[in-house]
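Protein chains: 2
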Amino acid sequence: MMDAMKIAVVAPSCTLRPEAADAVAAIVDARGDAELVIHPQCFLSDGHFAGPDEARLAALRDVMADDSVDAVWFARGGYGSNRIAEAAAADLPPPARAKTYLGYSDAGFLLAAFDKAGLSVAHGPLVQDIARTGGEAAIHRALDWLVRRDGGSLEPGLKAGQRSMAFNLTVLSNLIGTPIEPDFTGAELLIEDVAEHEYRIDRAMFHVTGSPAVRRVASIRMGRMNDIPENDPEFGSDAESIIRDWCERSGIPFGGAADIGHDAGNRVVPFDLPRI
Amino acid sequence: MMDAMKIAVVAPSCTLRPEAADAVAAIVDARGDAELVIHPQCFLSDGHFAGPDEARLAALRDVMADDSVDAVWFARGGYGSNRIAEAAAADLPPPARAKTYLGYSDAGFLLAAFDKAGLSVAHGPLVQDIARTGGEAAIHRALDWLVRRDGGSLEPGLKAGQRSMAFNLTVLSNLIGTPIEPDFTGAELLIEDVAEHEYRIDRAMFHVTGSPAVRRVASIRMGRMNDIPENDPEFGSDAESIIRDWCERSGIPFGGAADIGHDAGNRVVPFDLPRI
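Shown next, in the form of structure tokens:
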């Protein structure tokens, strides 16, 4: 293998399962088009997190500063990357600017902070997604994008030259107004969520679309809203109606469906897709 | 009964239970110091809500515009007042300015919008709190405050002449950056929450204390964080440590405990406590 792309895996949120790491390492070996370096920090455990803030931040900063690393692939979501995102994006070493960063869900806090800092980020599968039904397809999709910028990995509605952003809706709601909020101006904003009640989706949409900064997006597209818990009584409106409603109230064009979500079908959304 | 204070009850979020309404009406009758007018809108039901947005807004605007009403007491929390808060606070009729507005939990969206609009609001028991264990005490505490500004109803740490604000943490997190965000400058900010996982409390604290507007508070005091669901694995930090941590990170003084929460002990916090 000559000059294979080197992909570093770190876990800024929750611990990566060793069996998931092994399965993805085996896929990468079989493909032969990349070198996967799983940072030992991925297997640390400290309460909810993959190690204390300091350890998660240090591992991330290590791989960001490593000139031999071409891409940083986030291991897993859960919760916790917000706790280190501002520090991770500060005083960037030059090699940090020559990489791609890939992940979604809780890693959205890092996508936001890094996008704001001018780094190249993409919303897409995590290493731990191998554990999902059909997860191999998600892993290959991620690798196809990281290694050879395969257009087949991309969310099909993306337009070259049109800035796009994708976030978990709850994560987005929790970063608005903080120091890691990126510039939404003119972007097509794709949102998805998982395991949130309809009233919480409604509340998050109230919050997100109530932000003057978010109101500068070109449009909002709706990814999958998976595993919505039952509401008692029935909420009275489904997720698509909720999202259309808040788009209309806030004057943001609703752009239809997006092929992203907490599942193996989750397609890649680079925030800045180069013109082809 | 001569010139008894007239208290109007409306339900901007979820439906009031008839048995709760009856029980509170009986308490008010027995006290003889107030007239309670429960708006029929309180018993409407439309999916999750006490009637459609239009009906909830119309009932609220009705009692706000009614010169004979001295106080507006919110019936119940749940979810939904954010959907009408901005409209409720717009183009205020003069009688709206001569009343007190009382509630908490989801009604915090209205407390925020109304405080921003210059109305007199207080965080305290809802009518539906009669259904809690020991709920009668909460109802008397609310009435003692509304009818005769009884100092015994107040959260004991409040200082006359010091602006205070109290919110459910999750509600606060969801109104930051929206058109109903009030001015936090110099206020002592009391927060409470219920039934949120520690990781969600941590995430909401990240969000709230990451706001430059919130960083202008004088201090944060911590009310009760009730019914926290179990985290798997254990989160690794309890609610007080979480709140202290984010106060320290954001440079906001932590002011200790506050006697508010989703329970019958919930004390009253007027946002502008007059000097005595």
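As given, the protein sequences belong to chains A and B, one line each in that order.
Here the first sequence is numbered in the numbering used here, starting from 7 and rising by one per residue.
Here the second sequence is numbered in the numbering used here, starting from 7 and rising by one per residue.
C-beta atoms are modelled at their ideal positions from N, C-alpha and C, and glycine is treated no differently.
Query	Result
Nearest neighbour of alanine 29(A), chosen from Tyr110(A), Arg138(A), Pro101(A) and Ser87(A) [CA to CA]	Arg138(A)
Opposing strand residues paired with glycine 109(A) [DSSP bridges]	His129(A)
Contact set for phenylalanine 115(A): own chain, Cβ-Cβ below 7 angstroms, skip 5 residues either direction	Ser87, Asn88, Ala91, Val177, Leu181 and Ile186
Residues bridged to proline 58(A) [DSSP beta-bridge criterion]	Answer is none; proline 58(A) lacks a bridge partner.
Exposure of threonine 184(B), with buried meaning 16 or more beta-carbon neighbours within 10 Å	buried
CB contact check: phenylalanine 212(A) to chain B, cutoff 7 angstroms	yes
CB contact below 7 angstroms: threonine 184(B) versus chain A	yes
Pair within 7 angstroms by beta-carbon distance, serine 225(A) and glutamate 194(A)	yes
DSSP three-state assignment for glutamate 204(B), whether helix, strand or coil	helix
Top-ranked residue by Cα proximity to methionine 70(B), from Gly84(B), Leu42(B) and Ala104(B)	Ala104(B)
Other residues of its chain near threonine 106(B): CB distance less than 7 angstroms, five sequence neighbours each side excluded	Ala77, Ser126, Ala128 and Leu152
Under 8 angstroms (Cβ pairs) to chain B, residues found in the segment 242-255 of chain A	Gly242 and Ser243
For proline 100(B), the three-state DSSP class (helix, strand or coil)	helix
Minimum Cβ-Cβ distance from serine 159(A) to chain B less than 7 angstroms	no
Cβ-based burial, serine 111(B) [other Cβ within 10 Å; buried from 16]	buried
Three CB pairs or more closer than 8 angstroms across the segment 207-222 of chain B and the segment 244-253 of chain A	no
Residues within the segment 45-75 of chain A neighbouring chain B, beta-carbon criterion of under 8 angstroms	Ser51, Asp52, Gly53, His54 and Phe55
Neighbour list for asparagine 88(A) in chain B, Cβ cutoff strictly below 7 angstroms	Arg209 and Phe212
Simplified DSSP assignment, three categories, for asparagine 232(A)	strand
Beta-carbon proximity list for alanine 56(B), same chain, < 8 angstroms, skipping 5 on both sides	Ala17, Pro18, Ser19, Cys20, Thr21, Leu22, Gln47, Cys48, Phe49, Leu50, Arg62, Ala81, Arg82 and Gly86
Assigned exposure category for proline 239(B) - 16 Cβ within 10 Å defines buried	exposed
Sequence-distant residues of the same chain with beta carbon closer than 7 angstroms to serine 179(B), five excluded per side	Ala210, His213 and Val214
Contact set between serine 179(A) and chain B, taken where Cβ atoms lie within less than 9 angstroms	Ser179, Asn180 and His213
Below-7 angstroms beta-carbon distance, proline 216(A) vs any chain B residue	Correcting the residue identity first, residue 216(A) is glycine in this sequence and not proline. So, interface residue.
Cβ-based neighbour list, aspartate 150(B), same chain, cut-off 6 angstroms, excluding 5 preceding and 5 following	Asp156 and Ser159
Proximity winner among Ile266(B), Gly216(B) and Phe173(B), relative to serine 256(B) (alpha-carbon distances)	Gly216(B)
Glutamate 25(B) at chain A interface by Cβ criterion, 7 angstroms	no
Three-way DSSP call (helix, strand, coil) for arginine 23(A) in this model	coil
Whole-number beta carbon distance between leucine 98(B) and alanine 123(B), since they are thought to touch under 8 angstroms	6 angstroms
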